[in-house]
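Numbered by my numbering, the letters in the sequence shown go through residues 520 to 1283 in order.
Just so it is clear, CB atoms sit at the ideal spot from N, CA and C, and this is done for glycine as well.
Data block below; observations after.
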Amino acid sequence: MRFAKIVGYLKPIGPIVVGISLGFTLSLLSVSWVDDICDPWKGNYIEEISSKEGDLKATRKPNSFLLEDDDEDVQPRIISYKPIQQEGKAQRPFRSKYASTELGIRENLFVGILTSKNTINTMGVSVNRTISQHLSMVVFFTGMNNHKAPHGMQVVTHGDERPVWNMYQTIKYILEHYIDEFNWFYLAQDDTYTQADRIKAIVPHLSMNRKLYMGSPEEFIGGEMQGRYCYGGFGYLISRQLLLQLKDSLESCRNGILTNRPDEWLGRCIIDHTGTSCVDEHEGLLYDRFEMGKNSDLSKELSDQFKTTLTVHPVSDPEQMYRLHKYFTEIELQTSYQEIEKLQAEIKNFSAIAFEGNRSGMWPIGVNPPFQPKTRFEVLKWEYFTEDTIYSCLDGSPKCELQGIDKLDVADVIDIAMGELNKKYKPVLHLKKQKLVNGYRRFDPTRGMEYMLDLQMEVVTQRGRSRSITKRVQLVRPLSNLEIIPMPYVTEATKVHIILPLAKDDTSRVKSFLEEYASNALQKKENAGLTVLFIYDLVQAQHVHQNDIFADVKAQITRYERSFPGLKVPWISVKTDNPFQIKFMDIISKKHPVDTLFFTATVNTVVNTEFLNRCRMNSISNWQVFFPIHFQDFNPDIAYHRQERPETIDLVRDAGHFDRNDFAEACFYNSDYMATRNLMTPDLQENEDLLETLDIYEMFVKYSGLHVFRAIEPALHQKHVHQTCNPHLSEDIYHRCIQGNLEGLGSRSQLAMVLFEQEQGNST
């Protein structure tokens, strides 16, 4: 009984025991089977291990077992993961400002001019005016500081007038600041004229990895040294690799070489520590130079050496520097004209043997072919004109008088046409203009301004016979090549101080302005601040304590200050009957630092991040001010007459227009405003009403030397509002306001449709 009971207990687990036993048996069989398969090449494997004891993992083959010397079983181990503890806080990777910096791409040529405090305002200025527009980086190095440094020049002062010390500090400064940005370095004196374009053209043909010291070779004084140095009067080129090799030895050169000549000192240092001597020829490129005599006459210098020279030395005064520049510029211009004529002749020759013959060649040669419209809406419109009348007027009139720049343009085109015709038919015929029968012009964005003229002319033969003929000519005033103007570097990190002037008529719309400002700037933590200017007239100012017209606005500002910790919206109260823009800015300017970036807004302005960034990028201190042109919606009663108004309005032709009559919105730095305001002072003393006749835009245009950038700004979108025009302002400002209200009503077709419906209603 007891045995049967035990069997009963074991019976359910019997299959489990059998399964485990069978599993162990099969596993043992599989191990021996794998070993048998591996046996044929196991001996080779062990021999390979013994031949390379230090690199076991590199010689291990697949499906093999490494036999240990102590025959211990290899036991699997579980290694828990432990993250690496970094010391300190994790630092963000540094990213360069430009892709070229991150990729290690360097510019070709750096130019350094050695000058002095006595010559920087004369010879230094003349050098800067003749080469700075042709080269990307020109730096002037001088010893003692001159408090009247010329405007627009980058000057580095070393603090010592000794020539050798100035040269040492110049090389040291270049190694510290520019060695990673340029491949070649050109150094010259301020009494050296440099052909900037030719120097710039030589550098790309030189290998940037060579140790090269190129200029006008001279023997050392006494001749005790092997090698030659480059004479500083004619300038010299030094490669980046050579300067890098000289870097560690520069200090010993300063202490070990005794000479009073900076060019000889530098040559000795280069030869002693790099073994590189000055050369005037390298890989077929010559360093041509010309020595100017005391009484040299440029008009008589006809030698090839003078025409092809890179540098001229010595230049006695700025006037001679400018004459040299004019002379070489005329040579370059004449050479360019000859190359253009040669290329035109080659194009004509190739066109003659083309499949379509001469018709395959573009006219004029070298100018883009005419624009080909894809739809009827892209067809370019021709304007018809005569010598006195034009039939496409800005105000939409069918006919108006030809005047101003348009009249000068037509006269110039007719003169050019007659000159080209006489050049073509001389000496057989002589042509005299009688009148312009028909004139057509259109602007082609791919080519320029095209003209078609029907000219009535008197033709006179060599025998004196004459007759009147009419001939059609076609001309093109081509667009010039686009020029990239170097601009100072700016960032989008500058704080924008928004100035909002408010009058009584603006109180109904200021609530929406503050709501937009809160959602677009405050909630997004935009780097911007707001200053409100409350404008009271004399009557309102007397009752401000009993009935403040801006009480609701101030209460709304206070609520926002409580909702956003740390927010402060300062306001300024002003009482006047004649709100002039410059007078208000005078008050605000005094309450802010000179480096403040202002944005003068209106109550209709919608402030957003996109525009604020554009304000930062287009406003450059001591360089440029920005006056955006906002998009103004048309009057919805006219634009959507008898139609359902859309919830959001897109920037399309029938929805609104860019208001070119409004100059209230502007971005500029306080320092630029203050400098321009000071330039107004002499005229303001003679005319006290000047502030009432100018706005900030006209002030910058008339008195500042800054770039006044005026451009359409799609990020500034305003709803239609009828502006209240102040008749106390200047006549120009008042008429601009009236014109803006009229143009903001609707498009020409929309206004015509409303008038048509009114006439239809009156007739019935």
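Cβ of residue i within 8 angstroms of any chain C Cβ
i	result
residue 740	The structure shown has no chain C; it contains just one protein chain.
Alpha carbon of residue i to alpha carbon of residue j, nearest angstrom
i	j	result
residue 1023	residue 1068	7 angstroms
residue 1206	residue 1042	47 angstroms
residue 1016	residue 1047	6 angstroms
residue 649	residue 844	7 angstroms
residue 1045	residue 865	59 angstroms
residue 567	residue 540	The predicted position of residue 567 is uncertain, since its pLDDT is 34 and thus under 50; a value taken from the coordinates is nonetheless stated next. Using only the alpha carbons, I get a separation of about 39 angstroms.
residue 910	residue 989	22 angstroms
residue 1110	residue 898	55 angstroms
residue 986	residue 918	33 angstroms
residue 1032	residue 1122	6 angstroms
residue 1220	residue 1196	12 angstroms
residue 1080	residue 1004	44 angstroms
residue 901	residue 927	19 angstroms
residue 997	residue 915	27 angstroms
residue 814	residue 933	46 angstroms
residue 1058	residue 1097	13 angstroms
residue 807	residue 682	26 angstroms
residue 671	residue 1188	18 angstroms
residue 984	residue 716	53 angstroms
residue 929	residue 906	7 angstroms
residue 853	residue 1246	57 angstroms
residue 1018	residue 1050	5 angstroms
residue 1156	residue 1171	17 angstroms
residue 1095	residue 1130	31 angstroms
residue 1034	residue 1089	17 angstroms
residue 1149	residue 913	21 angstroms
residue 1355	residue 883	Nothing about residue 1355 can be reported from this structure: the residues present for the chain run from 520 to 1283 only.
residue 641	residue 675	17 angstroms
Local Cβ density within 10 Å of residue i, reported as buried at 16 or more and exposed below that
i	result
residue 1020	buried
residue 556	For residue 556, the pLDDT reaches just 40, beneath the cut-off of 50, and the residue's location in the model is therefore unreliable, although a value from the coordinates is still provided. Exposed.
residue 720	exposed
residue 593	Because residue 593 sits at a pLDDT of 49, beneath the cut-off of 50, its placement in the model cannot be relied upon, and the following sentence gives the value as read from the coordinates. With fewer than 16 other Cβ atoms within 10 Å, it is exposed.
residue 1256	buried
residue 1178	buried
residue 637	exposed
residue 559	Interpretation of residue 559 is limited by its pLDDT of 39, a score under 50 that renders its predicted location unreliable; the figure taken from the coordinates is listed afterwards. Per the 10 Å Cβ criterion, exposed.
residue 1167	exposed
residue 856	exposed
residue 563	Because the pLDDT at residue 563 is just 35, under 50, the model does not fix this residue reliably, and the value given afterwards should be weighed accordingly. With fewer than 16 Cβ atoms within 10 Å of its Cβ, residue 563 is classed as exposed.
residue 891	exposed
residue 1147	buried
residue 1277	exposed
residue 803	exposed
residue 765	buried
Residue j beta carbon less than 8 angstroms from that of residue i
i	j	result
residue 631	residue 706	yes
residue 1106	residue 1007	no
residue 708	residue 752	yes
residue 645	residue 841	yes
residue 974	residue 955	yes
residue 1237	residue 1260	no
residue 830	residue 714	yes
residue 1141	residue 1082	no
residue 797	residue 749	yes
residue 903	residue 959	yes
residue 1223	residue 1248	no
residue 1235	residue 1153	no
residue 734	residue 799	yes
Mind listing, in chain order, the continuous beta strand (DSSP E) runs of no fewer than 3 residues lying wholly within the segment 1158 to 1220?
Secondary structure within the segment 1158 to 1220: the beta strand (DSSP E) runs of 3 or more consecutive residues, fully enclosed, are 1175 to 1177 and 1185 to 1188 (chain order).
Would you call the segment 697 to 715 and the segment 757 to 777 touching, i.e. three or more CB-CB distances under 8 angstroms?
Taking one beta carbon from each stretch, the segment 697 to 715 and the segment 757 to 777 have 3 or more pairs nearer than 8 angstroms; the two touch.
Please confirm if the segment 1159 to 1179 is in contact with the segment 1260 to 1276, defined as three or more CB-CB distances below 8 angstroms between the two stretches.
Contact between the segment 1159 to 1179 and the segment 1260 to 1276 is present, with at least three C-beta pairs closer than 8 angstroms.
Three or more C-beta pairs below 8 angstroms linking the segment 1107 to 1123 and the segment 1222 to 1229
The segment 1107 to 1123 vs the segment 1222 to 1229: no contact.
How about the segment 724 to 742 and the segment 639 to 658: do they share at least three Cβ pairs that are nearer than 8 angstroms?
Because the criterion of three Cβ pairs below 8 angstroms is not met, the segment 724 to 742 and the segment 639 to 658 do not touch.
Given 8 angstroms as the limit, is there contact between the segment 677 to 689 and the segment 770 to 790, that is, 3 or more CB pairs closer than that?
A contact exists between the segment 677 to 689 and the segment 770 to 790.
Considering only residues of the segment 808 to 843, which uninterrupted alpha helix (DSSP H) runs meet the minimum length of 4 residues and lie entirely inside it, listed in chain order?
Counting only runs of at least 4 residues, the segment 808 to 843 fully encloses the following alpha helix (DSSP H) elements, listed from N- to C-terminal order: 823 to 826.
Alpha helix (DSSP H) runs wholly inside the segment 738 to 790, at least 4 long, in chain order:
The segment 738 to 790 contains, as complete alpha helix (DSSP H) runs of 4+ residues, the segments 759 to 765 and 769 to 775 (chain order).
Taking only runs that begin and end inside the segment 626 to 691, name each unbroken beta strand (DSSP E) of 3 or more residues, in chain order.
Counting whole runs of 3 or more residues, the segment 626 to 691 contains the beta strand (DSSP E) stretches 626 to 633, 657 to 661 and 673 to 676.
Length at least 3, wholly inside the segment 1072 to 1146: the beta strand (DSSP E) runs in chain order
You should have 1090 to 1094 and 1116 to 1119.
Which ranges would you report for the alpha helix (DSSP H) in the segment 923 to 979 if only whole runs of at least 4 residues count?
List check, alpha helix (DSSP H) in window: 923 to 944.
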